[in-house]
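When you line the sequence shown up against the numbering used here, it's residues 8 to 88, in that order. Just so you know, even glycine gets a beta-carbon here, dropped at the ideal spot from N, CA and C.
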Amino acid sequence: MVYISDWHEFQEAAEGLYTKSPKTTRYCVKWRAIGGKLVLKITDNTTCIKFKTHSSVFLNRFEALNLSLMQKMQNRRPEPA
């Protein structure tokens with residue numbers, strides 16, 4: 008397991024991992040209320056990447072990552088702005 012500390016690096020790695028093996032990739036979200044810690048984990052049985060934060064700043068980025076992964080899972084393209 009590799010913890011990635013930079014959000015942009017994590018997002019690129021997560022999307023790349025899903026693109027590489029969409030049938031085996033799993034995405035797990037954990038929230039620990041006691042410590043106020045959010046942990047994101049993405050694995051495809053051979054590679055596992057994780058990101059953790061205590062900051063609420065990452066919630067918007069977390070939502071954007073979810074939207075991006077869901078669009079890839081549904082084979083949709085982002086709507087033009």
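With the cut-off set at 7 Å, would you say residue i and residue j are in Cβ contact?
i, j, result
"Met8", "Lys79", "no"
"Leu24", "Val36", "no"
"His60", "Leu45", "At residue 60 the sequence reads Thr, which differs from the His that was named. Yes, Cβ-Cβ distance for Thr60 and Leu45 is below 7 Å."
Take the Cβ of residue i as the centre, count every other Cβ of all protein chains shown within 10 Å, and call the residue buried at 16 or more, exposed below.
i, result
"Ala40", "exposed"
"Gln81", "exposed"
Between residue i and residue j, how many whole angstroms is the CB-CB distance? I'm expecting something under 8 Å.
i, j, result
"Glu19", "Ser75", "About 11 Å; that fails the 8 Å criterion."
Checklist entry - When the Cβ atoms of the region 44 to 53 are set against those of the region 26 to 36, are three or more pairs found closer than 8 Å? => result Output reads yes: the region 26 to 36 touches the region 44 to 53.
Item to check | Ordered list of alpha helix (DSSP H) runs contained in the region 14 to 59, each at least 4 residues | outcome: Runs of the alpha helix (DSSP H) inside the region 14 to 59: 14 to 27.
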